[in-house]
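> What follows is a structure written as C-alpha cells; I'll ask about it next.
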Amino acid sequence: MMKRILFAAVFGGLLGLATWPSAQAATPKRVNVTGEIIDTWCYVTEIMFAEGTAHHKCAVWCAIGGIPVSILGEDGNVYVVLKIEADDTSVANPSIVKIQTHKVTVDGDLYERDGVKYLFVTQVADDHGIVNLTHEEHGIQPFGE
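Here the sequence shown is numbered in my numbering, starting from 1 and rising by one per residue.
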C-alpha cells in the first residue's frame with residue numbers, strides 16, 4: 001500500500017512538472033512607433049485632458065515625479081515606456097521630460113504581457129515637437145483659462 005502511495009505521489013509530481021508552463025522570458029519584437037508622449041496617469045484615469053499643449057506642464061510634473069510615461073501611438077495603442085536606452089536612469093529623467101507631449105517616432109523593443117504593451121526605446125528617430133495644440137479647446141491644464 002505504501003509503495004502505491006509513493007508511486008502515485010512521484011508520478012503525479014512528474015506529470016505536474018510536464019504540464020507546468022515554462023518560465024521563459026518574453027521575446028521582444030523590434031518596432032517603430034509614431035505617436036504622442038503622454039502622461040500615463042492622466043490618460044488612463046481620465047482625470048483631466050491628457051494630450052498636447054493643454055496638458056504639457058502637468059505631464060512634465062508627472063514625468064519628473066516618476067509617473068510612467070507612455071506613447072499614444074497613431075495606431076491607437078498605448079505603449080508604456082520602461083526605459084530610453086541612451087539614459088542611465090529610469091524614464092523620470094531630463095531626456096523624456098524634454099519631449100513630453102511631443103509627437104515622436106521611436107525605435108525600440110516591444111514586450112507584451114497581460115494585454116499591456118511595454119517599450120524599451122532604443123532611439124528617438126524623429127521629434128516633431130508639440131503638434132497637438134489644444135489650448136483654445138481645453139484651456140491650460142491643470143490651471144484652466
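No residue lacks a Cβ here, since even glycine has one placed at the ideal position from N, Cα and C.
With which residues is VAL104 paired in a DSSP beta bridge?
Position 104 of the sequence shown, counting from 1, holds the residue named residue 104. Note: VAL104 sits in a beta bridge opposite GLY35 and ASP127.
> Within the continuous beta strand (DSSP E) that includes ILE71, where are the two ends?
The sequence position of residue 71 within the sequence shown is 71, counting from 1. Note, ILE71: beta strand (DSSP E), 69-73.
> Just to check my reading of the structure: ILE99 and ASP75 have Cβ atoms closer than 8 Å, yes? What is that Cβ distance to the nearest angstrom?
Numbered from its first residue, the sequence shown carries residue 99 at position 99. Numbered from its first residue, the sequence shown carries residue 75 at position 75. Taking C-beta atoms under 8 Å as the contact rule, ILE99 and ASP75 fail to qualify, at a distance of about 19 Å.
> Between the Cα of ASN32 and the Cα atoms of GLY129, VAL104, VAL116 and ASP114, which residue gives the shortest distance?
The count along the sequence shown starts at 1 and reaches residue 32 at position 32. Looking at the Cα atoms, VAL104 is the closest of the given residues.
> DSSP three-state call for ILE64: helix, strand or coil?
Here residue 64 corresponds to residue number 64 of the sequence shown, with the count starting at 1. Reduced to three states, the DSSP call for ILE64 is helix.
> Determine the DSSP secondary structure at ILE47, reduced to helix, strand or coil.
As a working mapping, residue 47 is identified with position 47 in the sequence shown. Three-state result, ILE47: coil.
> Do THR101 and SER70 have their CB atoms nearer than 8 Å?
Along the sequence shown, read from residue 1 onward, the residue named residue 101 stands at position 101. Along the sequence shown, read from residue 1 onward, the residue named residue 70 stands at position 70. In this structure, SER70 does not lie closer than 8 Å to THR101 by Cβ.
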